[in-house]
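First residue of the sequence shown: 0, per numbering that gives the first Met the number 0; consecutive thereafter. The structure under discussion appears below in the form of structure tokens.
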Amino acid sequence: MDITQLNRIELLLLDVDGVLTQGHIIYDDHGAEIKAFNVKDGLGIRLLMKKGIPVGIVTGRSSTSLLSRCNDLNIDMVFHGITNKRAILGHILSSCDILPEHIAYMGDDIPDIGIMEQVGFPIAVADAHDEVKKQAIWITKAKGGHGAVREVIEMILKSKGVWEEVLMEFR
């Protein structure tokens, strides 16, 4: 894929388990679900949103840990417990006034295929299911939960010509 195509992205949608996490589900002794998120992905999400590109979550599972992470990152577009990800895209399109060809979606497993078929920039993490990789126009170098989201965000910021500006904020 030509990196310049990424400059058209106006919304980044993310699956959670296997994309923002390594895909492990851990339960504590009380049955509460625990998720481990990559801090570099988190910074990337904040940087992208600071540059005016919203980030949303579309995931089949629901958990308090996910909602806490989204709250921490100020992600307010959270669709969790979604069994049909393809169907939720219509709601997202009408509420955001963004064309599907300007949306990137990152997934890792077969429930992601339906939404990936509808967006302009379907992205698979390196350790995604083979069927998901077939739908992707970009496969990250990093595995899910290992900075794959950050990899994509940096490329988006570079394609929009604002990466150096982002770096200058930290110098």
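Just so it is clear, CB atoms sit at the ideal spot from N, CA and C, and this is done for glycine as well.
Query	Result
Which of helix, strand or coil DSSP assigns to leucine 98	coil
Span of the beta strand (DSSP E), counted from its first residue to its last, around alanine 123	120-123
Sequence-distant residues of its chain with Cβ nearer than 8 Å to threonine 63 (five each side left out)	Ala31, Glu32
Limits of the unbroken beta strand (DSSP E) element including leucine 19	Unbroken run through leucine 19: none, as it is neither H nor E.
Rounded separation between lysine 249 and serine 93 - CA only	Summary: the structure shown does not reach residue 249, with the chain confined to residues 0 through 170, and so no result is reported for it.
Inter-stretch contact at 8 Å, needing at least 3 Cβ pairs: the region 42-59 / the region 8-27	yes
Residue ranges of each beta strand (DSSP E) within the region 37-120, 3 or longer	54-57, 76-78, 102-106
Local Cβ density within 10 Å of asparagine 37, reported as buried at 16 or more and exposed below that	buried
Presumed contact (8 Å Cβ cut-off) between histidine 101 and isoleucine 8, rounded CB distance	6 Å
Neighbourhood of threonine 139 by C-beta, 6 Å cutoff - its chain only, sequence neighbours within 5 removed	Val124, Ala125, Ala147, Glu150
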